[in-house]
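Chemist: Chains A and B are the protein sequences, given in the same order.
Read in order, the letters of the first sequence correspond to residues 60 to 403 in this note's numbering.
Read in order, the letters of the second sequence correspond to residues 47 to 850 in this note's numbering.
Dropping a structure here in structure tokens format, bear with me for questions.
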Amino acid sequence: MKERLYELKQEALRRIDEAKDVKALNDVRVAYLGKKGPITEVLRGMGALPPEERPKLGALANEVRAAIQQALEAKQAKLEQEEVERKLAAEAIDVTLPGRPVSLGNPHPLTRVIEEIEDLFIGMGYTVAEGPEVETDYYNFEALNLPKGHPARDMQDSFYITEEILLRTHTSPMQARTMEKHRGRGPVKIICPGKVYRRDTDDATHSHQFTQIEGLVVDRNIRMSDLKGTLREFARKLFGEGRDIRFRPSFFPFTEPSVEVDVSCFRCEGRGCGVCKGTGWIEILGAGMVHPNVLEMAGFDSKTYTGFAFGMGPERIAMLKYGIDDIRHFYQNDLRFLRQFLRV
Amino acid sequence: MLVSYRWLSEYVDLTGVTAAELADRITKSGIEVERVEALDRGMNGVVIGHVLECEPHPNADKLRKCLVDLGEGEPVQIICGAPNVAKGQKVAVAKVGAVLPGNFKIKRAKLRGEESNGMICSLQELGVETKVVPKEYADGIFVFPSDAPVGADALEWLGLHDEVLELSLTPNRADCLSMIGVAYEVAAILGREVKLPKAAVKETNENVHDYISVRVEAPEDNPLYAGRIVKNVRIGPSPLWMQARLMAAGIRPHNNVVDITNYILLEYGQPLHAFDYDRLGSQEIVVRRAKAGETIVTLDDVERKLTEDHLVITNGREPVALAGVMGGANSEVRDDTKTVFIEAAYFTSPVIRQAVKDHGLRSEASTRFEKGIDPARTKEALERAAALMAEYAGGEVVGGVVEASVWREEPVAVTVTLERINGVLGTAMSKEEVAVILSNLQFPFTEDNGTFTIDVPSRRRDIAIEEDIIEEVARLYGYDRLPATLPVAEAKPGGLTPHQAKRRRVRRYLEGAGLFQAITYSLTSPDKAARFALETAELVRLALPMSEERSVLRQSLIPHLLEAASYNRARQVENVALYEIGSVYLSKGEGVQPAEKERLAGVLTGLWHAHLWQGEKKAVDFYVAKGILDGLFDLFGLAARIEYKPAKRADLHPGRTAEIALDGKVIGFVGQLHPAVQKEYDLKETYVFELALADLLNAESEAIRYEPIPRFPSVVRDIALVVDEMVEAGALKQAIAEAGKPLVKDVSLFDVYQGERLPAGKKSLAFSLRFYDPERTLTDEEVTAVYERVLAAVEQQFGAVLRG
Ligand SMILES: [Zn+2]
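Here it is as structure tokens:
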């Protein structure tokens with residue numbers, strides 16, 4: 060009988076091993092461990108044994124049952140695992156197929172540049188001032204030390220509406236407007252972005268409408284060296300840490316002294332290339348110390364207060380930064396152009 | 047201003063400073079040198095030759111066979127095509143082996159069977175611009191004076207071994223419109239001296255007043271008028287060196303008298319005019335404003351109508367010159383002129399500018415008067431001109447100067463302290479450093495305990511206040527030596543205004559929603575300006591537009607956005623989603639600034655969304671546009687206060703347009719473009735919207751307040767209602783929400799059906815209602831009661847019945 064139990068065990072284990080699916084395994088379970096199974100049958104025949112043998116055989120039968128049970132469980136787990144794997148395999152997809160697109164738009168490159176510059180100066184304590192695009196001759200010219208008949212008015216041919224009203228030719232009118240609001244008391248620390256207009260025929264380098272950003276700081280003891288430090292900080296943040304700036308003397312009626320500001324070329328690190336026309340420097344700004352006439356006209360005492368002002372063209376900066384070759388791109392709104400400014 | 051390096055070196059010692067170095071230093075100290083050009087451009091091997099023989103080429107009508115002595119070896123045969131070549135001439139010959147501009151090498155050649163050993167050159171072939179070549183040589187070779195030495199370097203004689211600096215002058219530096227002015231600038235930069243030209247006039251013992259008198263009737267336009275008579279002049283070419291300098295400066299030589307006036311103009315910045323005294327027609331000069339209707343024929347043979355805005359030089363009866371701009375043809379110096387009246391005057395800027403503007407005539411003279419000359423040098427220039435005419439035109443200078451003047455040199459004294467200089471610049475200069483700079487500028491000054499008092503020379507009319515002196519000091523000190531500091535001030539945080547910050551949120555939202563920002567022009571044409579406008583007013587028109595297309599300011603952003611959409615479609619970009627934030631301009635009446643109102647507008651056309659391989663494809667429709675706006679209103683917490691009302695607006699689809707009201711006030715619209723307009727712009731189905739941005743951004747919305755997260759389950763019931771097809775879903779939804787208060791928290795439409803399963807003229811709208819009470823779990827009976835109440839309400843208001 061012992062031998063019979065060993066036989067049954069071997070037989071059951073073999074069938075378990077051969078079972079291909081959960082159903083086959085169940086058949087084995089029912090066949091060997093069921094109430095009418097062969098092990099029960101063997102035990103029923105135990106009466107024929109001497110009494111001292113019976114417990115041993117009982118123990119052996121239990122051992123065999125346990126071994127079969129264990130094998131069944133192990134096989135069951137393995138089959139289930141295989142089942143899951145088969146199912147998952149059947150669910151496989153081509154992960155290289157395109158994803159469902161999320162349509163994103165993006166800001167205009169000029170807005171991108173303007174906001175970057177705004178944020179940079181906001182970080183230095185500036186506020187953003189905005190004003191009318193249709194200006195009075197007074198704010199656009201006279202308050203900026205450009206009286207009627209001043210030769211420098213030739214430099215900026217303007218779109219007049221009446222003799223006294225015109226489309227602003229620069230964002231500088233905001234200097235006078237903001238200073239007036241301060242009623243002769245500093246500090247004033249603003250930047251003014253906005254649209255401006257000049258009588259130019261549109262071509263690759265001219266646009267009758269373009270944008271400007273003006274900056275103005277007025278306080279006691281503002282020095283020209285502060286202008287240099289501020290603009291150097293600006294250039295480094297906008298064009299990269301290694302940048303340097305240089306001042307070249309220039310002339311603007313509303314500043315004295317006046318300078319043009321170059322930044323060392325970010326393309327060639329100053330060695331000379333196509334971007335900087337071989338000079339290693341790129342002109343990006345006009346700046347200077349606020350002319351005492353401008354301060355006085357706006358109600359500031361030019362003996363106690365000094366200030367600096369600067370102005371730059373986002374178009375030019377965007378063209379330099381992104382390598383854009385034609386200013387008209389900014390106003391054609393060709394999506395093939397606009398879409399290129401999505402990236403962070 | 048074109049500045050010859052060699053000419054300049056007559057006034058300032060330029061030893062040890064090359065033209066390129068000089069250009070760099072001038073630029074660094076304030077005047078931009080745009081370029082430096084070597085006039086000889088790598089040429090060599092060009093000598094003065096003597097044409098010994100000149101006969102027709104045996105095989106070519108237009109060629110001449112010349113025998114030319116080059117001053118070395120045997121004379122050579124050269125074939126020449128110039129019509130003016132002749133025996134006996136001294137000419138420029140590019141020898142065999144010579145190199146001309148453009149790396150053009152001269153080789154021995156055979157021309158129509160005849161040997162040619164070099165080339166006889168025109169000035170153009172030597173790199174001189176045609177516009178400055180003397181007229182008589184413009185179409186042929188240049189002929190040297192007969193005393194030119196054979197075999198000498200022709201380029202040297204033509205002044206071409208020189209470099210020219212082109213200065214780009216800002217309006218304040220009119221003083222550098224003269225060689226002497228540039229000399230002062232360069233002397234200040236280099237710390238060297240200025241050597242001024244001498245003008246010693248030998249006069250006859252006649253008296254100029256016996257020849258002519260001068261009266262100025264418009265002294266505010268002409269504060270100073272002076273003149274001299276030079277008699278017995280012999281008109282002819284001016285000396286070659288003078289012609290060369292004029293050409294290098296961009297002025298065409300004419301004859302000795304005219305060339306001398308131009309030479310002085312370049313040297314002193316003082317325009318002069320030479321009249322033929324015998325053709326003046328009187329013995330008096332009267333300077334006055336022109337009379338209306340008067341005319342003058344100017345030197346260019348154009349008859350010009352004059353007005354009282356113009357200043358004229360007259361002979362007492364009629365104009366003989368348009369003052370400061372151009373002489374009259376009637377008194378022009380000609381080949382037979384014997385006696386010359388030289389005018390040296392100071393005309394003020396406005397009257398000259400007016401004449402230039404009215405007659406479209408800008409000359410070297412008028413440019414200088416417009417920018418302002420130095421009247422302190424006017425008479426000195428006259429002296430120098432008279433002396434040169436005596437020397438180079440064989441004239442005799444009549445004794446004395448005629449003059450009419452109200453001009454007095456007014457001293458300009460500027461005071462500035464060392465402390466102020468360093469305070470404004472942020473530098474730590476010493477008194478001595480400042481003093482050296484002022485001395486180099488040749489500004490007379492005194493210094494007392496750090497206070498400088500500068501006596502500004504009349505040539506620097508741009509300097510009037512202490513800041514001007516600070517600038518002079520700064521630029522000559524060198525901006526590269528300026529330290530870099532940051533303003534020392536109370537630390538105040540910067541930032542955007544709430545309006546600016548919210549506007550950025552609008553941008554980011556729209557971009558996140560898939561729209562690209564456009565920027566279009568503010569100027570447009572009158573027919574487009576007010577189209578689609580939310581609000582219109584009188585158009586704001588430019589006084590002098592450049593074109594009709596850009597003649598008025600826009601009142602809506604949509605027309606240009608449609609153009610952008612159309613532009614894209616024409617370039618195969620079919621799916622367009624653009625928005626713009628910008629101003630529109632509404633007139634508030636003549637002579638006042640218009641109202642500028644910010645608008646937000648958008649245009650959508652083509653596919654809104656496509657994911658083709660999964661079969662998803664969604665074209666833009668009304669609800670796409672509306673959904674974008676809904677999100678925006680949600681963002682600003684205004685959704686509940688917004689209402690869309692069906693509307694009919696010009697150029698929009700009459701059945702697919704809604705006006706958008708906030709608290710009952712219309713703030714914008716959204717709709718489909720009218721098919722006719724779509725066609726006009728060559729667009730397919732297109733949707734547009736425009737909002738008054740300020741109304742959106744200024745609307746007060748409630749601050750965020752936390753609402754407890756639901757603790758009890760809510761109950762959802764659907765309700766499908768059959769109503770007349772004219773019933774608006776919005777109204778029905780509103781009625782459901784109203785009747786369901788307070789337990790119905792959300793009402794959302796989830797199905798719309800109209801079709802054969804319903805009677806004609808009917809539609810079904812299905813809503814999902816969410817019931818909730820924050821205090822407890824609702825019972826079925828409570829929900830049903832409210833549901834019945836809702837049903838009764840919509841039945842009563844809209845005749846709605848439950849869909850079976
Ligand atoms: Zn570079």
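All C-beta atoms, glycine included, are put in the ideal place defined by N, C-alpha and C.
Here the structure is a predicted model, which means the values were calculated and not measured.
1. Any C-beta of chain B within less than 9 Å: which residues of the stretch 363-385 of chain A qualify?
2. Cutting at 6 Å between CB atoms, please list the residues of its own chain near residue 575 of chain B, excluding the five before and the five after it.
3. The alpha helix (DSSP H) that contains residue 71 of chain B, what's its start and end?
4. Would you say residue 374 of chain A and residue 269 of chain A are within 8 Å of each other, going by their C-beta atoms?
5. Buried or exposed: residue 750 of chain B, going by 16 or more other Cβ atoms within 10 Å of its Cβ?
6. Measuring straight from C-alpha to C-alpha, what distance separates residue 368 of chain B and residue 580 of chain B?
7. Quick check on the burial criterion: 16 or more other C-beta atoms within 10 angstroms. Buried or exposed for residue 274 of chain B?
8. Mind listing, in chain order, the continuous alpha helix (DSSP H) runs of no fewer than 4 residues lying wholly within the stretch 135-206 of chain A?
9. Compute the Euclidean distance between the alpha carbons of residue 455 of chain B and residue 370 of chain B, then round it to the nearest angstrom.
10. Considering only their Cβ atoms, is the gap separating residue 253 of chain A from residue 192 of chain A smaller than 8 Å?
11. Check whether the Cβ of residue 339 of chain A lies closer than 7 Å to any heavy atom of ligand 1, and answer yes or no.
12. Between A:239, A:246, A:273, A:275, which lies nearest to residue 536 of chain B when the distance is taken from Cα to Cα?
13. Any residues whose CB sits closer than 5 Å to a heavy atom of ligand 1? List them in chain order?
14. Expressed to the nearest angstrom, what Euclidean distance is found between the alpha-carbon atoms of residue 801 of chain B and residue 807 of chain B?
15. Would you decide whether residue 549 of chain B is buried or exposed? Buried here means 16 or more other CB atoms lie within 10 Å of its CB.
16. So, does the CB of residue 284 of chain B fall closer than 8 Å to a CB anywhere in chain A?
17. Mapping the DSSP letters down to three states, classify residue 495 of chain B as helix, strand or coil.
18. I need the straight-line Cα distance from residue 690 of chain B to residue 765 of chain B, nearest angstrom please.
19. Check the Cβ-Cβ distances between residue 254 of chain A and every residue of chain B, and say whether any is below 8 Å.
20. Based on Cα-Cα distance, which residue from B:103, B:164, B:56 lies nearest to residue 233 of chain B?
21. 8 Å is my cut-off, CB to CB: does residue 394 of chain B come that close to chain A?
22. What alpha helix (DSSP H) runs, 4 residues minimum, are completely inside the stretch 454-504 of chain B?
23. With a 10 Å radius around its C-beta and 16 neighbouring C-beta atoms as the bar for buried, classify residue 198 of chain A as buried or exposed.
24. Report the option in B:267, B:384, B:301 whose CA atom is closest to the CA atom of residue 182 of chain B.
25. Below 8 Å on the Cβ atoms is my guess for residue 810 of chain B versus residue 767 of chain B; work out the distance and round it to an integer in Å.
26. Ordered along the chain, which non-local residues of its own chain (more than five positions away) have a Cβ less than 8 Å from that of residue 104 of chain A?
27. Does DSSP classify residue 255 of chain B as helix, strand or coil?
28. Could you pull out every unbroken alpha helix (DSSP H) segment of at least 4 residues lying fully inside the stretch 731-793 of chain B, listed in chain order?
29. Are any of the Cβ atoms in chain B nearer than 8 Å to that of residue 192 of chain A?
30. Among the residues of its own chain, which have a CB less than 7 Å from the CB of residue 285 of chain B, if the five just before and after it don't count?
31. So, residue 166 of chain B versus residue 222 of chain B, is the Cβ gap smaller than 8 Å?
32. Quickly, what does DSSP pair residue 124 of chain B with across the bridge? List them, please.
33. Mapping DSSP to helix, strand and coil, what is residue 104 of chain A?
34. Against chain B, with Cβ distances strictly below 8 Å, would residue 326 of chain A count as a contact?
35. Counting C-beta neighbours from all protein chains within 10 Å, is the total for residue 267 of chain A 16 or more, i.e. buried, or is it exposed?
Modeler: Quick look at the numbers:
1. 365, 367
2. Translated into the one-based positions of the second sequence, residue 575 of chain B becomes position 529. For residue 575 of chain B, where only same-chain residues beyond five positions count, the Cβ hits under 6 Å are 585, 598, 600, 601.
3. In the second sequence, residue 71 of chain B corresponds to position 25, counting from 1. Taken as a continuous stretch (DSSP letters only), the alpha helix (DSSP H) holding residue 71 of chain B covers 65-74.
4. For the purposes of this step, residue 374 of chain A is identified with residue 315 of the first sequence, where counting begins at 1. For the purposes of this step, residue 269 of chain A is identified with residue 210 of the first sequence, where counting begins at 1. Against a cut-off of 8 Å, the Cβ pair of residue 269 of chain A and residue 374 of chain A comes out as a contact.
5. Counting from one through the second sequence, the residue named residue 750 of chain B turns up at place 704. The residue in question, residue 750 of chain B, is exposed, as its Cβ has fewer than 16 Cβ neighbours within 10 Å.
6. As a position in the second sequence, residue 368 of chain B is number 322, starting the count at 1. As a position in the second sequence, residue 580 of chain B is number 534, starting the count at 1. Distance between the alpha carbons of residue 368 of chain B and residue 580 of chain B: 55 Å.
7. Here residue 274 of chain B is taken as the residue at index 228 of the second sequence, counted from 1. Result: buried.
8. Runs of the alpha helix (DSSP H) inside the stretch 135-206 of chain A: 168-181, 196-199.
9. As a first step, residue 455 of chain B must be located in the second sequence, where it is residue number 409. As a first step, residue 370 of chain B must be located in the second sequence, where it is residue number 324. If I take the Cα positions, the gap works out to 21 Å.
10. Within the first sequence, numbered from 1, the residue matching residue 192 of chain A stands at position 133. Within the first sequence, numbered from 1, the residue matching residue 253 of chain A stands at position 194. Yes, the pair counts as a contact, with Cβ atoms nearer than the cut-off.
11. Position 280 of the first sequence holds residue 339 of chain A. True, at least one ligand heavy atom lies under 7 Å from that Cβ.
12. On the second sequence, position 490 is the one that residue 536 of chain B refers to. The residue with the shortest Cα to Cα distance from residue 536 of chain B is A:246.
13. A:324, A:326, A:327, A:332, A:334, A:335
14. For this step, residue 801 of chain B is matched to residue 755 along the second sequence. For this step, residue 807 of chain B is matched to residue 761 along the second sequence. Each residue's Cα considered, the two are about 9 Å apart.
15. For the purposes of this step, residue 549 of chain B is identified with residue 503 of the second sequence, where counting begins at 1. Buried, because 16 or more other Cβ atoms sit within 10 Å of the Cβ of residue 549 of chain B.
16. For this step, residue 284 of chain B is matched to residue 238 along the second sequence. Residue 284 of chain B does not count as touching chain A.
17. For this step, residue 495 of chain B is matched to residue 449 along the second sequence. The answer is coil: DSSP assigns residue 495 of chain B none of H, G, I, E or B.
18. On the second sequence, residue 690 of chain B is found 644 positions in, with the first residue counted as 1. On the second sequence, residue 765 of chain B is found 719 positions in, with the first residue counted as 1. Cα-Cα distance, rounded: 23 Å.
19. Stepping through the first sequence from its first residue, residue 254 of chain A is reached at position 195. So yes, residue 254 of chain A belongs to the interface.
20. By one-based count along the second sequence, residue 233 of chain B stands at place 187. Ranking B:103, B:164, B:56 by Cα distance to residue 233 of chain B puts B:56 first.
21. In the second sequence, residue 394 of chain B corresponds to position 348, counting from 1. With 8 Å as the cut-off, residue 394 of chain B does not count as an interface residue toward chain A.
22. 464-471, 477-486
23. Along the first sequence, read from residue 1 onward, the residue named residue 198 of chain A stands at position 139. By the C-beta density criterion, residue 198 of chain A is buried, having at least 16 other C-beta atoms within 10 angstroms.
24. For the purposes of this step, residue 182 of chain B is taken as residue 136 along the second sequence, with counting starting at 1. Answer by Cα proximity: B:301.
25. Position 764 of the second sequence, counted from the first residue, corresponds to residue 810 of chain B. Position 721 of the second sequence, counted from the first residue, corresponds to residue 767 of chain B. So it is a contact: roughly 7 Å between Cβ atoms.
26. The sequence position of residue 104 of chain A within the first sequence is 45, counting from 1. Result list for residue 104 of chain A: 60, in chain order.
27. Indexing the second sequence from 1 puts residue 255 of chain B at position 209. Helix.
28. Fully enclosed alpha helix (DSSP H) runs of 4 or longer: 739-744, 775-786.
29. On the first sequence, residue 192 of chain A is found 133 positions in, with the first residue counted as 1. Yes, its Cβ sits closer than 8 Å to a Cβ of chain B.
30. Locating residue 285 of chain B in the second sequence gives position 239, counting from the first residue. Closer than 7 Å at the Cβ level, and outside the excluded window around residue 285 of chain B, lie 438.
31. On the second sequence, residue 166 of chain B is found 120 positions in, with the first residue counted as 1. On the second sequence, residue 222 of chain B is found 176 positions in, with the first residue counted as 1. Not in contact: residue 166 of chain B and residue 222 of chain B (Cβ atoms no closer than 8 Å).
32. Indexing the second sequence from 1 puts residue 124 of chain B at position 78. Under DSSP, the beta-bridge partners assigned to residue 124 of chain B are B:112.
33. The count along the first sequence starts at 1 and reaches residue 104 of chain A at position 45. Helix, per DSSP.
34. Walking along the first sequence from the start, residue 326 of chain A turns up at place 267. Among the residues facing chain B, residue 326 of chain A is not included, as its CB has no counterpart in that chain under 8 Å away.
35. Numbered from 1 along the first sequence, position 208 holds the residue referred to as residue 267 of chain A. When all chains shown are included, residue 267 of chain A counts as buried.
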